[in-house]
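2 protein chains.
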Amino acid sequence: MAEKNEDNTIFIGGKPFMNYVTGVVMQFTTKGSKEVKIKARGKFISRAVDVEQVSKNKFLKEHAVQTKEIKTASEEFENKEGKKVNVSTIEIILTK
Amino acid sequence: MAEKNEDNTIFIGGKPFMNYVTGVVMQFTTKGSKEVKIKARGKFISRAVDVEQVSKNKFLKEHAVQTKEIKTASEEFENKEGKKVNVSTIEIILTK
Chain A
0 MAEKNEDNTI
10 FIGGKPFMNY
20 VTGVVMQFTT
30 KGSKEVKIKA
40 RGKFISRAVD
50 VEQVSKNKFL
60 KEHAVQTKEI
70 KTASEEFENK
80 EGKKVNVSTI
90 EIILTK
Chain B
0 MAEKNEDNTI
10 FIGGKPFMNY
20 VTGVVMQFTT
30 KGSKEVKIKA
40 RGKFISRAVD
50 VEQVSKNKFL
60 KEHAVQTKEI
70 KTASEEFENK
80 EGKKVNVSTI
90 EIILTK
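Protein sequence lines, in the order shown, are assigned to chains A and B. Take the first sequence: its position 89, counted from the start at 1, is 88 in numbering that gives the first Met the number 0, and no numbers get skipped. Take the second sequence: its position 53, counted from the start at 1, is 52 in numbering that gives the first Met the number 0, and no numbers get skipped.
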């Protein structure tokens, strides 16, 4: 299953795609959440949008799930060489 | 230079990263636009967010450029085998 913390957030990484979709869908169905956050960094941002689209349009169509807000930002971190590098982030908030 | 059409839209693809950043920056500076759209599909979505972040935070800091809206969607197309495939899209609207 996809990683997630207590506040209904799904972090997108390199696991099988459907793990993340299932994670989002279950939050809205089995767990009864009203809001789910999909977060990703760097190259996984494209995947986060895929997870949002597939969850919303294919699996949650009858649950009237909407995209409430999409936020982007940058995070600074130090790479192996000790150089400061920026990575882009995305946060997609789905609500029903 | 990055591809763009008449209405201040920059389409993100596989050209060198700085081409796109320069495209966005020039729209706001040399061309005096008040609004620029950054669009991408599929794997280039991550890159579109990088272009947005770098343009806004590094090159347009003194121009008070803000992210006005971010929209995601899906487009259906037929692949080489004639099978219908969905691709995710993003549109990032910057304003000053």
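Beta carbons are placed, not taken as given, at the ideal position from N, Cα and C, and that holds for glycine. Computed from a predicted structure; not experimentally measured.
Determine, using beta carbons only, whether residue i and residue j come nearer to each other than 8 Å.
{"i": "Lys38 of chain A", "j": "Glu90 of chain A", "result": "yes"}
{"i": "Lys43 of chain A", "j": "Ile11 of chain A", "result": "A small correction: the amino acid at residue 43 of chain A is Phe; Lys does not occupy that position in the sequence shown. Going by C-beta atoms, Phe43 of chain A is nearer than 8 Å to Ile11 of chain A."}
{"i": "Val24 of chain B", "j": "Phe76 of chain B", "result": "no"}
So what's residue i in DSSP terms, helix, strand or just coil?
{"i": "Ala39 of chain B", "result": "strand"}
{"i": "Ser45 of chain A", "result": "helix"}
{"i": "Val50 of chain B", "result": "helix"}
{"i": "Val84 of chain A", "result": "strand"}
{"i": "Thr21 of chain B", "result": "helix"}
{"i": "Lys60 of chain A", "result": "helix"}
{"i": "Lys67 of chain B", "result": "strand"}
Closest to residue i by C-alpha separation, out of the options, would be which residue?
{"i": "Asn7 of chain B", "options": "B:Arg46, B:Ser32 and B:Lys60", "result": "B:Ser32"}
{"i": "Val53 of chain A", "options": "A:Thr66, A:Gly41 and A:Lys42", "result": "A:Thr66"}
{"i": "Thr94 of chain B", "options": "B:Gly41, B:Lys60 and B:Ser45", "result": "B:Lys60"}
{"i": "Glu34 of chain B", "options": "B:Asn78, B:Phe16 and B:Ile9", "result": "B:Ile9"}
{"i": "Pro15 of chain A", "options": "A:Arg40, A:Arg46, A:Gly41 and A:Thr29", "result": "A:Arg46"}
By a C-beta neighbour count over all protein chains shown, 10 Å radius and 16 as the cutoff for buried, is residue i buried or exposed?
{"i": "Val50 of chain A", "result": "buried"}
{"i": "Thr71 of chain B", "result": "buried"}
{"i": "Ala63 of chain A", "result": "exposed"}
{"i": "Val84 of chain B", "result": "exposed"}
{"i": "Phe27 of chain A", "result": "buried"}
{"i": "Lys82 of chain B", "result": "exposed"}
{"i": "Lys55 of chain A", "result": "buried"}
{"i": "Lys36 of chain B", "result": "buried"}
{"i": "Gly13 of chain A", "result": "exposed"}
(request) Kindly confirm or deny that the segment 77 to 92 of chain A and the segment 17 to 26 of chain B touch, where touching means at least three C-beta pairs closer than 8 Å. (result) no
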